[in-house]
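Beneath this line is the structure, given in structure tokens, with notes to follow.
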Amino acid sequence: MIIDIATWILNASQVLRNVSSSPHLDAELIMSLATQKSREKLLVDGNKRLSTMQLARANYYLHLRKHLIPIAYITHHKKFYGLNFYVNKHVLIPRPETENLVQMALDHAKTLKQPPVILDLGCGSGCIGLSLKHALADTNASFILADISSQALKIAKKNAKRFKLNDVKFVKSNLLKKIDLSEIDILCANLPYVDRAWDFITANTKHEPKLALFARKNGLELIEKTLKQISTRPHKKHLAVFLEADPLQMEDIEKMVLKLFRGAKIKVSGFTMQILL
Ligand SMILES: C[S@@+](CC[C@H](N)C(=O)[O-])C[C@H]1O[C@@H](n2cnc3c(N)ncnc32)[C@H](O)[C@@H]1O
Numbered sequence: 121m122i123i124d125i126a127t128w129i130l131n132a133s134q135v136l137r138n139v140s141s142s143p144h145l146d147a148e149l150i151m152s153l154a155t156q157k158s159r160e161k162l163l164v165d166g167n168k169r170l171s172t173m174q175l176a177r178a179n180y181y182l183h184l185r186k187h188l189i190p191i192a193y194i195t196h197h198k199k200f201y202g203l204n205f206y207v208n209k210h211v212l213i214p215r216p217e218t219e220n221l222v223q224m225a226l227d228h229a230k231t232l233k234q235p236p237v238i239l240d241l242g243c244g245s246g247c248i249g250l251s252l253k254h255a256l257a258d259t260n261a262s263f264i265l266a267d268i269s270s271q272a273l274k275i276a277k278k279n280a281k282r283f284k285l286n287d288v289k290f291v292k293s294n295l296l297k298k299i300d301l302s303e304i305d306i307l308c309a310n311l312p313y314v315d316r317a318w319d320f321i322t323a324n325t326k327h328e329p330k331l332a333l334f335a336r337k338n339g340l341e342l343i344e345k346t347l348k349q350i351s352t353r354p355h356k357k358h359l360a361v362f363l364e365a366d367p368l369q370m371e372d373i374e375k376m377v378l379k380l381f382r383g384a385k386i387k388v389s390g391f392t393m394q395i396l397l
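Whatever position you read off the sequence shown (first residue = 1), add 120 for my numbering.
Rendered as structure tokens:
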């Protein structure tokens, strides 16, 4: 079949209109991947005919998208805090709300007199830790990225290499089990906080790793365990903790924190809780 780029995009966006909230953008991204042309170039080349190979590739990616595979898992890219992260089905697709956690941790890091040791617990693609490392490139801050999943750590390492961020320590650890907490100044953690019973788990999250999404006890099990681990281990007096959770969970987390750490200073902004011990 002879078809040009613009026509394929138009048809594909029609096909995706019941699947995606951004059907035209998805169609463009798929075409961009299939032809290896930028989206700007696709506009210029709109009336160019697709080769048999390009058409086959585009139709295959469209088939995946029709079956609700997230666009980031098809293109293997997701922009986060200005960096283009490699992602696959073994890691959560970085969310825009997590950029706030990065910003708050970064603002705090900049107030410190000594270069901090920063831990990203549950690092997944590495988006939190590596964004911080990138933003603090001209400092001597050091970084530990930890996850329970070896497959996630592999992707985080790949991203570190991709952005030429050297000297990052990667640790396979169940929460803080393999971490020497006493050396950490800033602990960032976007751990799973979705309870399986919540009824708003949608097609969007269906293809993401269960290990990255779900936690028991109304989604709070891993956050609570982490806080308890911190409270029972030697740690720096002024350890700063940045947690991501659903805004509806913040009140319960605040209660946990105040029970475990008297006098802790808590600040909540969107999906981020900052805890200064
Ligand atoms: C919500 S994802 C966050 C990934 C990434 N930090 C981000 O913000 O996109 C949670 C991550 O925590 C990891 N994880 C789940 N249980 C864990 C545990 N017990 N210890 C350490 N990491 C865990 C998952 O493998 C997953 O990569």
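Glycine is no exception: its CB is placed at the ideal position from the N, C-alpha and C atoms.
This one's a predicted model, so the numbers in the text were calculated from it and none came from an experiment.
Who are the Cβ neighbours of residue i in its own chain at under 7 Å, not counting the five residues just before and after it?
{"i": "valine 222", "result": "Tyr201, Ile248, Ser251 and Leu252"}
{"i": "glutamate 217", "result": "Gly390 and Phe391"}
{"i": "methionine 376", "result": "Glu344 and Leu347"}
{"i": "phenylalanine 290", "result": "Leu265, Leu273, Ala276 and Lys277"}
{"i": "arginine 316", "result": "Phe334"}
{"i": "proline 143", "result": "Ser133, Leu136 and Arg137"}
Quick one: does the C-beta of residue i sit closer than 7 Å to a heavy atom of ligand 1?
{"i": "alanine 280", "result": "no"}
{"i": "threonine 218", "result": "yes"}
{"i": "leucine 212", "result": "yes"}
{"i": "asparagine 310", "result": "yes"}
{"i": "leucine 368", "result": "no"}
{"i": "alanine 261", "result": "no"}
{"i": "isoleucine 268", "result": "yes"}
{"i": "serine 293", "result": "yes"}
{"i": "leucine 363", "result": "no"}
{"i": "isoleucine 248", "result": "yes"}
{"i": "alanine 255", "result": "no"}
To which residues of the same chain is residue i closer than 6 Å at the C-beta, ignoring the five residues directly before and after it?
{"i": "isoleucine 304", "result": "Val237 and Leu239"}
{"i": "leucine 301", "result": "Arg353 and His355"}
{"i": "glutamine 81", "result": "Here the chain has residues from 121 to 397 only, and residue 81 is not among them."}
Quick one: is residue i buried, meaning 16 or more other Cβ sit within 10 Å of its Cβ, or exposed?
{"i": "alanine 154", "result": "buried"}
{"i": "glutamate 219", "result": "buried"}
{"i": "glycine 383", "result": "exposed"}
{"i": "proline 214", "result": "buried"}
{"i": "glutamate 328", "result": "buried"}
{"i": "leucine 170", "result": "buried"}
{"i": "lysine 337", "result": "exposed"}
Look at residue i and residue j and say whether their C-beta atoms are less than 8 Å apart.
{"i": "glutamate 148", "j": "isoleucine 129", "result": "yes"}
{"i": "alanine 132", "j": "leucine 182", "result": "yes"}
{"i": "leucine 162", "j": "methionine 151", "result": "yes"}
{"i": "leucine 101", "j": "isoleucine 373", "result": "The chain is shown only over 121 to 397; residue 101 falls outside these bounds and no answer can be derived."}
{"i": "glycine 244", "j": "alanine 332", "result": "yes"}
{"i": "serine 269", "j": "histidine 358", "result": "no"}
{"i": "glutamine 369", "j": "leucine 295", "result": "no"}
{"i": "leucine 226", "j": "alanine 255", "result": "yes"}
{"i": "alanine 360", "j": "leucine 311", "result": "no"}
{"i": "valine 139", "j": "leucine 188", "result": "yes"}
{"i": "glycine 246", "j": "alanine 280", "result": "yes"}
DSSP three-state label for residue i, please.
{"i": "alanine 225", "result": "helix"}
{"i": "valine 207", "result": "coil"}
{"i": "glutamate 328", "result": "coil"}
{"i": "isoleucine 373", "result": "helix"}
{"i": "isoleucine 268", "result": "coil"}
{"i": "lysine 233", "result": "coil"}
{"i": "valine 139", "result": "coil"}
{"i": "glutamate 160", "result": "helix"}
{"i": "glutamate 219", "result": "helix"}
{"i": "serine 262", "result": "strand"}
{"i": "aspartate 287", "result": "coil"}
Once the 5 residues before and after residue i are set aside, which same chain residues still bring their CB inside 8 Å of it?
{"i": "tryptophan 318", "result": "Gly339"}
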